[in-house]
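Protein sequences, first through last, are from chains Y and X.
When we follow my numbering, the leftmost residue of the first sequence carries the number 8, and every step to the right adds one.
When we follow my numbering, the leftmost residue of the second sequence carries the number 8, and every step to the right adds one.
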Amino acid sequence: MSESKSSASQVQVGQKTYEMPPKDGITIAHFIVVADIERSLRFYETVFGSRVLSRGDSEGAPGYLQLANMWLIVNVGGGPTPDKPKTTLRVPSDPNLVSSFMNIRVADIQACYKLWKSRGAEFITEPKPKYGETRCYIRDPDGYIIEVGQTNPDVTYG
Amino acid sequence: MSQVQVGQKTYEVPPRDGITVARFITVADVERSARFYEKVFGGRILTIGNNEGAPGFIQIANMWLIVYFGGGPTPDKPTVTLSVPADLDYVSSFMNIRVADIQACYELWRSRGAEFLTEPKEKYGETRCYMRDPDGHIIEVGQSKPDFAYG
Chain Y
8 MSESKSSASQ VQVGQKTYEM PPKDGITIAH FIVVADIERS LRFYETVFGS
58 RVLSRGDSEG APGYLQLANM WLIVNVGGGP TPDKPKTTLR VPSDPNLVSS
108 FMNIRVADIQ ACYKLWKSRG AEFITEPKPK YGETRCYIRD PDGYIIEVGQ
158 TNPDVTYG
Chain X
8 MSQVQVGQKT YEVPPRDGIT VARFITVADV ERSARFYEKV FGGRILTIGN
58 NEGAPGFIQI ANMWLIVYFG GGPTPDKPTV TLSVPADLDY VSSFMNIRVA
108 DIQACYELWR SRGAEFLTEP KEKYGETRCY MRDPDGHIIE VGQSKPDFAY
158 G
């Protein structure tokens, strides 16, 4: 579960190096609207050992973290902008109605459950067996669910 | 083989040690979504899943995208219902694709059928536009300005 200690923020797939921001090609991040950037940065840093790359600024730059192969971008919500004229960004209005979430695939779910719980993560339940995997969910400070799942040995992608 | 490396550490799905982070989206049609992410972004379909609960897996750049149908509460999330986006005008979380050349991506992905909300526009620290996937999930495409490390 150790993160790279290098100062650069890079990922490699085969011969291709990914970085943030990319010098060529693309790099994919997961964006969430949060009520308090600093609170969310601390949560993802404390629980998962994410590396905080930027704490954002008061002019609209978001917070950036690197978590394993993924970058996570956190920012406050807001009304429509010229590039999305009908869309409002806000924290989850109904935490029980969900259409997307971060999904952390793990090698040892019992170890992750205990470690992350000891660091303050609030799990909805303990890990439970499900079709092809063992699974549980965390709520982050804004109510986002985060899936934590370990695939059964006989399933390639579960 | 589906692997990613950060420094000395190799990430794969499913991970043999440590963790690998993916993004899950609820979709109405697993195959339609898998084909969309394959065609527009050149994603690699690792599995199309099945109707017994195995989702579709697509690898795009440094990330794995998991697509599956919605459904009611399960024992491990007894109050949560998964559904495709209920109201397209209110969004809390989305896939954010950071790019080196937004004009090139805009033109290429549009030519492959992506529907953008607008052309790329200047914003604080970046140039940005959005598209919708087949279920209405918005996807940000953004290029940071040269003087912004993280825009």
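Built from N, CA and C at the ideal position, the CB exists for glycine as well.
These numbers were taken from a predicted model, which means no experiment stands behind them.
Short check: CB of residue i to CB of residue j, under 7 Å?
i, j, result
"residue 143/Y", "residue 162/Y", "no"
"residue 107/X", "residue 112/Y", "no"
"residue 137/X", "residue 90/Y", "yes"
"residue 105/Y", "residue 35/Y", "no"
"residue 74/X", "residue 47/X", "no"
"residue 61/Y", "residue 131/X", "no"
"residue 134/Y", "residue 116/Y", "yes"
"residue 102/Y", "residue 150/Y", "yes"
"residue 26/X", "residue 75/Y", "yes"
Under 7 Å between C-beta atoms, does residue i make it to chain X?
i, result
"residue 107/Y", "yes"
"residue 90/Y", "yes"
"residue 114/Y", "yes"
"residue 28/Y", "yes"
"residue 139/Y", "yes"
"residue 34/Y", "yes"
"residue 148/Y", "no"
"residue 142/Y", "yes"
"residue 38/Y", "yes"
Could you confirm whether any beta carbon from chain Y is found closer than 7 Å to the beta carbon of residue i?
i, result
"residue 87/X", "yes"
"residue 131/X", "yes"
"residue 69/X", "yes"
"residue 103/X", "yes"
"residue 75/X", "no"
Alpha carbon to alpha carbon, what distance is there between residue j and residue i?
i, j, result
"residue 43/X", "residue 124/Y", "37 Å"
"residue 123/X", "residue 46/Y", "33 Å"
"residue 51/Y", "residue 122/Y", "13 Å"
"residue 80/Y", "residue 151/X", "13 Å"
"residue 14/Y", "residue 108/Y", "Confidence is the limiting factor: at residue 14/Y the pLDDT is only 43, short of 50, which leaves the residue's position unreliable, though a coordinate-based value still follows. Going by the C-alpha atoms only, they are around 28 Å apart."
"residue 64/X", "residue 81/X", "21 Å"
"residue 141/Y", "residue 41/X", "24 Å"
"residue 118/X", "residue 109/X", "14 Å"
"residue 36/X", "residue 52/X", "15 Å"
"residue 63/Y", "residue 96/Y", "17 Å"
"residue 100/Y", "residue 59/X", "31 Å"
"residue 77/X", "residue 98/Y", "21 Å"
"residue 24/X", "residue 92/Y", "43 Å"
"residue 119/Y", "residue 19/X", "17 Å"
"residue 33/Y", "residue 68/X", "7 Å"
"residue 133/X", "residue 26/Y", "16 Å"
"residue 88/Y", "residue 121/X", "20 Å"
"residue 28/Y", "residue 104/X", "10 Å"
"residue 62/X", "residue 54/X", "8 Å"
"residue 130/Y", "residue 111/X", "42 Å"
Could you name the residues of the same chain whose beta carbon sits closer than 8 Å to that of residue i, not counting the 5 residues immediately before and after it, in chain order?
i, result
"residue 126/Y", "53 and 54"
"residue 132/Y", "143 and 144"
"residue 21/X", "27"
What does residue i reach in chain B if we use C-beta pairs closer than 7 Å?
i, result
"residue 20/X", "Given the protein chain composition of this structure (Y and X), no chain B is represented."
State yes or no: is the C-beta of residue i nearer than 6 Å to some heavy atom of the ligand GDP?
i, result
"residue 163/Y", "Absence of the ligand GDP is noted for the structure shown, with no ligands found whatsoever."
Spatial neighbours of residue i within its chain, please: CB distance less than 6 Å, with the 5 preceding and 5 following residues excluded, ordered by chain position.
i, result
"residue 116/X", "47"
- Message: Tell me whether the stretch 82 to 96 of chain X and the stretch 138 to 152 of chain X touch, counting them as touching only if at least three CB pairs, one residue from each stretch, are closer than 8 Å.
- Response: yes
- Task: Count the CB pairs spanning the stretch 97 to 106 of chain X and the stretch 38 to 45 of chain Y that are closer than 8 Å, and state whether there are at least three.
- Result: yes
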